[in-house]
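Undergrad: The sequence shown begins at 103 in my numbering and counts up one residue at a time. Let me give you the structure first, and then I'll get to my questions.
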Amino acid sequence: MFALLARAVAIWYGAEVSVASKVVTGRVRVNPRGFGFVAFPPGHEPESAFIAPPDLNGLLADDLVSGELEEKDGRYRLLTPELEERPRTQLFGEVGRGKGGAVLKVDPEVSNCDWPIRGKAPKPGTLVVAEIDGDQVTIAHEVSAADQSLERVIARHDLPREFPDDLEPLKRLPKSELTRRRDLRDMITLTIDAPYSRDLDDAVAALPADSDGAIRVLVSIADVDALVPVGSRLDEEARRRATSVYLAGCVLPMIPHALSEDALSLLPGVDRPSLTVELRIDPEGVVTAVDLAESVIRSDGRLAYEDVADFLDRGEERSIPKALRPTLRWLRTAVARLDVVRSARGGVSLLREEATVLLDADTREPTELSARVNTSAHSLIERLMVAANEAVAVWLHDRGLPALYRVHDEPPPEKVAQLTEAAHHLGLEAGLGTRLTPRALAAFERQFTGRANAPALYTVLGRMLGPARYDPEPSAHFGLAAPLYLHFTSPIRRYADLVVHRVVKAYLRGERDLRELATGLDLVAQHINDRARRAAKAEQERLRMLAARLFARRIGERMRGNVVSIKPFGLVVQLEDTGITATLALEDLPGGPHEMSPDGFSLGDDERRFVIGEQLHVQVQAVNETLGRIELRLDDSEMTESDDA
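Written out as structure tokens, the structure reads:
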């Protein structure tokens, strides 16, 4: 099943490397300062090589290039890179004037030079998306000021937008396919999502406790494979994208909207094919049995997080249909049990303060920025999805089946030492020793849960622990304190989940020799990891650009924030109640010269030092929408305190 995927991914990474001749192949990475690097396939030594600015001219980020590798004093350089393949078809930029006529001033993270424009060009200063035409470009369409950040990040990260015209027509499952599945349509089943969500891929149900006190919870997930078969054009396109991208005001789906928001979405009152995980949870919160089945469900109601939280926390029933209330109560009981076991294992909470921005429907201008509030309903769904994902990981592993696991490594001793030192600067004493365990991490988290600077502390902690990744080799997820973990519950928006679904379905249909399914999974994992990183970076950049646009109207406003990072250029401050970070430049700090401490947790001079986690009173000084940057200065009160110190 995955051999075709592996070949496609190998081509993308340029896996052909000739060591003897020192001719290498890799992907171009462009630095905004004008130089670049070539990134080689994983496992290659070196991992990358420098490309000088003159050699980078005419190349674009993600170009596949080959060239001779030169090594001097332990430093590597790619000489005279030659273009082998160019995946990009469009560029974002600003129209300008060159010696030979109109040029496109391309996003500096994509190209280090201007590109000549073929044909008629708009007036200089116009923002445009242009089609690549050999060594020139032709204008595709102009971009409004309101949409410039959206178009910039889509082009910068080469995010697919439109689907090809030759995709298979949407099919409907025959009745015979539905009748052979486990029929759960008579069971009360519901979805809980944000009011604006349209791709509903998970639904939950619960049966009351039996005579032993055990509750049966059923987590049903949209069966994307039923309408997106492996090897189809739809599947190829989904694999290429690997994930849906949620940019403020725009969703770039992994599969077409006709599927993600209609034919596969678990909408109320319609029959949907699904994969169901049934968990038997005893009174102590132990999952004593796991059963998986291809099923058909019919959602009895779509509920919003806020309404469910009001019902669970305050007993407000007016927004919850009477027939769904018992199910919510039993789900709450099941989650309380799961929480007991999870707390005993350790790890940290998944729910974090995240920024959200609202856009005017007509002008598409940002109107409001706030921190997204996670409720008890968010916690309920998060806990059920985690339990289902973990149960499927163990189910597959116990049967010796291939899978894409979600792996999060235990931090090495040096990171533990840094975290201990950071805690001290934050006014906490961690005493973690040389090895950090999930329980020790949970105990540390309890020291700052509920504190005013907790969001900033979570940001610092997340940077210390590092990201998770997809890997075909089974290993633990440290942050969740899970011996095995994977993604199963969002196949509409994540290709990794779809890969897991196909393995599960093959086994459920009687296939036992599944060794072929493991072929090429390592390359598939690399591709998904790369696309997921791109998507996350694009989402963050879009948010920062919109925030900068919004804060352009708030110059001079006083705010509070916490230092979450210290850089050579100054301080990174997370603004209170927004989830947004801003910068405070070194030259705008009082006194000086300023020096960073060896551990990187403080910066300052003999009179005043700034430390990670410290709360500051600041003022908005300037913004740069293109860079997504909000610049701060210390409030007068902070300056006065510094002068008095």
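Every residue, glycine too, gets a C-beta built ideally from N, C-alpha and C.
Using a threshold of 8 Å, state whether the C-beta atoms of Y407 and I294 are closer than that.
TA: Contact flag set, yes.
Undergrad: Within the same chain, show all residues whose beta-carbon is closer than 8 Å to that of I657, passing over the 5 residues directly before and after it, in chain order.
TA: Contacts found: V722, Q723, A724 and V725.
Undergrad: Going by the CB atoms, is the gap between E147 and V167 shorter than 8 Å?
TA: Contact: no.
Undergrad: Output the distance between the C-alpha atoms of V442 and V509, rounded to the nearest integer angstrom.
TA: Straight-line Cα distance between these residues: approximately 23 Å.
Undergrad: Nearest by alpha-carbon distance to Y597: which of P271, D268 and E339 is it?
TA: Among P271, D268 and E339, the Cα nearest to that of Y597 belongs to E339.
Undergrad: Can you find the residues in the same chain that come closer than 6 Å, C-beta to C-beta, to A578, ignoring five residues on each side of it along the sequence?
TA: So the qualifying residues of the chain are P585.
Undergrad: Please identify the residue among H499, G693 and D701 whose C-alpha is closest to the C-alpha of E709.
TA: Cα-wise, what sits closest to E709 is G693.
Undergrad: Could you tell me whether the region 630 to 640 touches the region 335 to 355, where touching means 3 or more Cβ pairs closer than 8 Å?
TA: Touching, yes, given that three or more Cβ pairs across the two stretches are closer than 8 Å.
Undergrad: Report all residues from its chain with a CB closer than 8 Å to the CB of A687; omit the five preceding and five following residues, and keep chain order.
TA: So the list reads F671, G672 and E733, once near-sequence residues are dropped.
Undergrad: With a 10 Å radius around its C-beta and 16 neighbouring C-beta atoms as the bar for buried, classify N214 as buried or exposed.
TA: By the neighbour-count rule (16 or more Cβ atoms within 10 Å), N214 is buried.
Undergrad: If you drop the 5 nearest sequence neighbours on each side, which residues of the same chain put their C-beta closer than 6 Å to that of E659?
TA: So the list reads V722, once near-sequence residues are dropped.
Undergrad: Below 8 Å on the Cβ atoms is my guess for D373 versus V398; work out the distance and round it to an integer in Å.
TA: Confirmed, about 6 Å.
Undergrad: If contact is defined by three or more beta carbon pairs under 8 Å, each pair taking one atom from either stretch, is the region 639 to 653 in contact with the region 532 to 539?
TA: Because the criterion of three Cβ pairs below 8 Å is not met, the region 532 to 539 and the region 639 to 653 do not touch.
Undergrad: Are the Cβ atoms of V96 and L718 separated by less than 8 Å?
TA: Given that the chain is displayed from residue 103 to residue 747, the structure contains no residue 96 and the question cannot be resolved.
Undergrad: Quick check on the burial criterion: 16 or more other C-beta atoms within 10 angstroms. Buried or exposed for V475?
TA: Exposed.
Undergrad: R382 to L588, Cα distance in whole Å?
TA: Straight-line Cα distance between these residues: approximately 20 Å.
Undergrad: Could you give the first and the last residue of the continuous alpha helix (DSSP H) run that contains A278?
TA: With the sequence shown as reference, residue 278 is identified as Ser, and Ala is not the correct amino acid for it. K277 to T281 is the span of the alpha helix (DSSP H), which, as asked, contains S278.
Undergrad: Note down the Cα distance separating T728 from A519, rounded to an integer number of angstroms.
TA: Taking the straight line joining both Cα atoms gives about 37 Å.
Undergrad: Let me know the secondary structure DSSP gives M661 once reduced to three states.
TA: It is a strand residue.
Undergrad: Going by DSSP, name the residue or residues bridged to S472.
TA: S472 pairs with T458.
Undergrad: Bridge partners of A322, per DSSP?
TA: Residue 322 is actually Ser in this sequence, not Ala. Paired residue(s): A305 and T378.
Undergrad: If I follow the unbroken beta strand (DSSP E) through K207, where does it start and stop?
TA: Its beta strand (DSSP E) spans residues G203 to V208.
Undergrad: Give me, in chain order, the residues of the same chain whose beta-carbon lies closer than 7 Å to that of A479; leave out the 5 immediate sequence neighbours on both sides.
TA: Cβ neighbours of A479 beyond the five flanking positions: I294, Y407, V410, A411 and L414.
Undergrad: So the alpha helix (DSSP H) R220 belongs to, where does it begin and stop?
TA: Neither: R220 is in no alpha helix (DSSP H) and is coded neither H nor E.
Undergrad: Which runs of the beta strand (DSSP E) spanning at least 3 residues fall entirely within the region 516 to 581, listed in chain order?
TA: DSSP runs (the beta strand (DSSP E)) wholly in the region 516 to 581: 571 to 573.
Undergrad: Using DSSP with H/G/I as helix, E/B as strand and the rest coil, what is K174?
TA: Strand.
Undergrad: Is the distance from the Cβ of E196 to the Cβ of V231 below 8 Å?
TA: Result no, Cβ atoms of E196 and V231 do not sit closer than 8 Å.
Undergrad: Report yes if the C-beta distance between A608 and V562 is below 8 Å; otherwise report no.
TA: For A608 and V562, no; Cβs fall outside 8 Å.
Undergrad: Within its chain, find whatever has a CB closer than 7 Å to the CB of D237; leave out the 5 residues flanking it on each side and keep chain order.
TA: G160.
Undergrad: I believe A640 touches L349 by the beta-carbon criterion, under 8 Å. Please report the beta-carbon distance rounded to the nearest angstrom.
TA: Indeed they touch by this definition, with Cβ atoms about 7 Å apart.
Undergrad: Using a Cβ-Cβ cut-off of 8 Å (strictly less than) and excluding sequence neighbours within five positions of M90, which residues of its own chain qualify?
TA: Limits of the chain in this structure are 103 at one end and 747 at the other, which puts residue 90 out of reach.
Undergrad: Nearest CA to the CA of D327: which residue from R431, P310, E279 and H696?
TA: Of R431, P310, E279 and H696, the residue nearest in Cα terms is E279.
Undergrad: Taking the alpha-carbon of H73 as reference, which of G715, A308, T539 and L261 has the nearest alpha-carbon?
TA: As displayed, the chain neither begins before 103 nor continues past 747, which places residue 73 out of reach and without an answer.
Undergrad: What is the rounded straight-line gap between the Cα of E613 and the Cα of A438?
TA: C-alpha separation (whole angstroms): 37 Å.
Undergrad: In three-state DSSP terms, what is F265?
TA: Of the three classes helix, strand and coil, the one that applies to F265 here is coil, per DSSP.
Undergrad: Return the CA-CA distance between I219 and F265, expressed in angstroms with no decimal places.
TA: I219 and F265: Cα-Cα distance of roughly 26 Å.
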